[in-house]
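S.K.: Under mature numbering (1 follows the signal peptide of the UniProt record, and there is no 0), read the sequence shown as residues -24 to -1, 1 to 418, first letter to last.
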Amino acid sequence: MDIPSYCLSLLAVFSCCMLYRSWGKQGARPYPLGPIRLPFLGSVHLLPQKYQEKGFAEWGNRYGSLVFAKLFQTPTIIINSWEVARDLMEKRSGNYSSRPRLILMVEMFGWQNALTTIPYNDRFKLIRKWIQTAFRTKEALERFEEIQRREVGVFLNNVLSTPDGWVSHLTRFSASIVMETTYGHQVTGNDDKFIGIGERAAKATAKAGSAGSMLVDFLPFMRLIPAWCPGGGFKTEAAAVKKLVRELYDAPYNMVRENMKTGTAKASFTSSLIEQLDREGQLTYEYEEMIKGAAATIYGAGTETTATVMNTFILAMVRNPGVYKKLQEEIDRVVGSERLPDLHDREALPYTECVIKETYRWRVPLPLGLPHNTITEDTYDGYYIPENTLVIPNIWAMSQEEDIYSKPTEFRPERFLDKTPLDPRNIIFGFGRRQCPGNELA
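Below is the structure:
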């Protein structure tokens, strides 16, 4: 059957209007260079399947520090250098500090009100203010030091008793500090109920958040596929994850509320906020959910990052015995053998500080950071960046820039002795208004 000529005319007019609308916004400004883009798919077919940070760095070598791609219909930029990250995510942070719509993580897994998933809005600003206020006061820092000092002793005793279990001891150590700081709960063993809840939620989220499941973020219509249909199995997994995330939100929060009723609650991020909002008459269901999300963010981010960095440190010391020897010599000289070093010794331990920085740089905890989103269109170096562009900071590539860190694949703490190279903590803790609000405790 022939298509009527007026239908073809309407289609031609519509196509011209869409092209004009797109051209009207972009004008003569080109997109940044990037891999080939196919209709509908964009550059999805070219995405690195393993070690994406290294694949994106190769794109950077080929196309430049700022790479443009399309993931289906989502415009995406990958930032592979600190210079571009500073120019866009620091100096223009007002436009680059939002988050994309995370259908899988937020709407299906249930990570609502987590600071890491909220777009840049008033709710984000309030939760960030809560966390900054809670962890940057003198009292909070002193309480943190006390908890850390005690848990270091517990960790070392556990390693001496059962050295083969050092990995689980590391997990317990990092979780214990964050759990007590956030909820006032002191962990007494590796089988702690609340640590178990956190581990189950984190593992289930990581397992179910596969590349195939995350397609729903780029193809929202997939939410409409029944779970029993081919391609809909991710919905069954998502429902199971949501129950575990809900348990992480509710169980420790309810424990704090119960302890506050009986007068046994310790001072913590959660108890302090409950007291404050209750006193102000604002402890509504909505605010309780925001407290739960904020606390879960602190627990999840703090536990995972600390354990990852400590694992990296142990690996570095095993592979670099010369560094370990110099580190031990400095600590013995400054601290002696009668006590453990603490935060008050930090300024007197310059080589130790260099080792800490190099540990962060050598194996960054989160190679691709967390995705940002542009709020409005922008122009950088003559290139057009559309509004609602997905922004991926390649933290790994920045940590390997030879112009900043010579011989970047080597573990060389000495590079920081003259304080010239960029402190890697300026990279790994995020950028601009999305910088980790708890980095004072790192």
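C-beta: ideal position from N, C-alpha, C; glycine also.
Nothing here was measured: the structure is a model prediction, and the numbers come from that model.
If the criterion is Cβ atoms closer than 7 Å, does the pair Ile107 and Phe100 meet it?
M.R.: In the sequence shown, residue 107 corresponds to position 131, counting from 1. In the sequence shown, residue 100 corresponds to position 124, counting from 1. No, the Cβ-Cβ distance between Ile107 and Phe100 is not below 7 Å.
S.K.: Across which residues does DSSP place Phe44 in a beta bridge pair?
M.R.: The residue labelled residue 44 in the question sits at position 68 within the sequence shown. DSSP lists Ile53 as partners of Phe44.
S.K.: Does the beta-carbon of Ala203 have 16 or more other beta-carbons within 10 angstroms, so that it is buried, or is it exposed?
M.R.: Looking up residue 203 in the sequence shown gives position 227. Burial call: exposed.
S.K.: If contacts are defined as beta-carbon pairs under 8 Å, then Ile272 and Ala90 qualify, I think. What distance do you get, rounded to the angstrom?
M.R.: The residue labelled residue 272 in the question sits at position 296 within the sequence shown. The residue labelled residue 90 in the question sits at position 114 within the sequence shown. Per the sequence shown, residue 272 should be read as Ala rather than Ile. Between Ala90 and Ala272 the Cβ distance is about 6 Å, and since that is below 8 Å, they are a contact.
S.K.: Quick check: the region 150 to 165 against the region 55 to 69, are there 3 or more CB pairs under 8 Å?
M.R.: In short, these stretches do not touch, since the Cβ pair count stays below three.
S.K.: In whole angstroms, give me the CA-to-CA distance for Lys169 and Leu259.
M.R.: Locating residue 169 in the sequence shown gives position 193, where the first residue counts as 1. Locating residue 259 in the sequence shown gives position 283, where the first residue counts as 1. So the alpha carbons of these two residues sit roughly 27 Å apart.
S.K.: Going by DSSP in three states, Thr355 sits in which element: helix, strand or coil?
M.R.: In the sequence shown, residue 355 corresponds to position 379, counting from 1. Strand.
S.K.: Start and end of the alpha helix (DSSP H) containing Leu78?
M.R.: Translated into the one-based positions of the sequence shown, residue 78 becomes position 102. Careful: Leu78 lies outside any alpha helix (DSSP H) and carries neither H nor E.
S.K.: Could you round the C-beta distance between Ile54 and Ala45 to whole angstroms and report it? I think they count as a contact, below 8 Å.
M.R.: For the purposes of this step, residue 54 is taken as the residue at position 78 of the sequence shown. For the purposes of this step, residue 45 is taken as the residue at position 69 of the sequence shown. Contact flag correct, Cβ pair sits at about 7 Å.
S.K.: Taking Glu127 as the reference, give the member of Ser152, Asn97, Leu224, Arg322 with the closest Cα.
M.R.: Mapped onto the sequence shown, residue 127 falls at position 151. Taking only the C-alpha atoms, the option nearest Glu127 is Ser152.
S.K.: Let me make sure I understand the geometry here. Which of Thr238, Pro397, Arg75 has the alpha-carbon closest to that of Lys383?
M.R.: If you number the sequence shown from 1, residue 383 lands on position 407. The residue with the shortest Cα to Cα distance from Lys383 is Pro397.
S.K.: Assess, as a yes-or-no matter, whether the region 294 to 304 is touched by the region 264 to 279 under the definition of 3 or more beta carbon pairs within less than 8 Å.
M.R.: No contact exists between the region 264 to 279 and the region 294 to 304.
S.K.: So what does DSSP say about His348, is it helix, strand or coil?
M.R.: Position 372 of the sequence shown, counting from 1, holds the residue named residue 348. Here His348 sits in strand by DSSP.
S.K.: Which whole runs of the alpha helix (DSSP H) in the region 195 to 261 are 4 residues long or more, in chain order?
M.R.: Within the region 195 to 261, the complete alpha helix (DSSP H) runs of at least 4 residues are 209 to 238, 245 to 255.
S.K.: From Ser41 to Val60, what does the alpha carbon distance come to, in whole angstroms?
M.R.: Reading the sequence shown from its first residue, position 65 is the one you call residue 41. Reading the sequence shown from its first residue, position 84 is the one you call residue 60. Each residue's Cα considered, the two are about 7 Å apart.
S.K.: In angstroms, rounded to a whole number, what distance separates the CA positions of Thr181 and Thr279?
M.R.: Against the sequence shown, residue 181 aligns to sequence position 205. Against the sequence shown, residue 279 aligns to sequence position 303. Spanning the two alpha carbons is a distance of roughly 15 Å.
S.K.: From Gly(-1) to Tyr39, what does the alpha carbon distance come to, in whole angstroms?
M.R.: Within the sequence shown, residue -1 is the residue found at index 24, counting from 1. Within the sequence shown, residue 39 is the residue found at index 63, counting from 1. Bear in mind that the predicted position of Gly(-1) carries a pLDDT of just 49, short of 50, making it unreliable; the figure below should be weighed with that in mind. Near 26 Å, if we compare the C-alpha coordinates of Tyr39 and Gly(-1).
S.K.: In chain order, what residues of the same chain have a beta carbon less than 7 Å from the beta carbon of Val217, not counting five sequence neighbours either side?
M.R.: By one-based count along the sequence shown, residue 217 stands at place 241. Within the same chain, Val217 has close Cβ partners Phe85, Ala180, Thr181, Ala184.
S.K.: Take Phe387 as the anchor and find which of Lys395, Val294, Asn364, Arg176 has the nearest alpha-carbon.
M.R.: Position 411 of the sequence shown, counting from 1, holds the residue named residue 387. Closest option to Phe387, Cα to Cα, is Val294.
S.K.: Taking 8 Å as the threshold, find out whether the region 364 to 375 comes into contact with the region 313 to 323 through three or more Cβ pairs.
M.R.: Too few Cβ pairs lie closer than 8 Å, so no.
S.K.: Starting from the Cα of Glu334, find the closest Cα among Ala178, Leu146, His145, Ile403 and give me that residue.
M.R.: Numbered from 1 along the sequence shown, position 358 holds the residue referred to as residue 334. That would be Ile403, whose Cα lies nearest to the Cα of Glu334.
S.K.: Report buried or exposed for Ala116, applying the criterion of at least 16 other Cβ atoms within 10 angstroms of its Cβ.
M.R.: In the sequence shown, the residue the question calls residue 116 occupies position 140. It counts as buried.
S.K.: Tell whether a beta-carbon distance below 7 Å holds between Val135 and Ala177.
M.R.: For the purposes of this step, residue 135 is taken as the residue at position 159 of the sequence shown. For the purposes of this step, residue 177 is taken as the residue at position 201 of the sequence shown. Going by C-beta atoms, Val135 is not nearer than 7 Å to Ala177.
S.K.: Does the Cβ-Cβ distance between Ser248 and Ala241 come in under 7 Å?
M.R.: Within the sequence shown, numbered from 1, the residue matching residue 248 stands at position 272. Within the sequence shown, numbered from 1, the residue matching residue 241 stands at position 265. Contact: no.
S.K.: Ile361 and Ser74 - do their beta-carbons sit closer together than 7 Å?
M.R.: Numbered from 1 along the sequence shown, position 98 holds the residue referred to as residue 74. Numbered from 1 along the sequence shown, position 385 holds the residue referred to as residue 361. Their beta carbons are not under 7 Å apart, which means Ser74 does not touch Ile361 by this criterion.
S.K.: With a 10 Å radius around its C-beta and 16 neighbouring C-beta atoms as the bar for buried, classify Ser137 as buried or exposed.
M.R.: The residue given as residue 137 occupies position 161 in the sequence shown. By the 10 Å Cβ count, Ser137 comes out exposed.
S.K.: Hey, could you find the ends of the alpha helix (DSSP H) Ile368 is sitting in?
M.R.: Locating residue 368 in the sequence shown gives position 392, counting from the first residue. Per DSSP, Ile368 belongs to no alpha helix (DSSP H); it is in the beta strand (DSSP E), 366 to 369.
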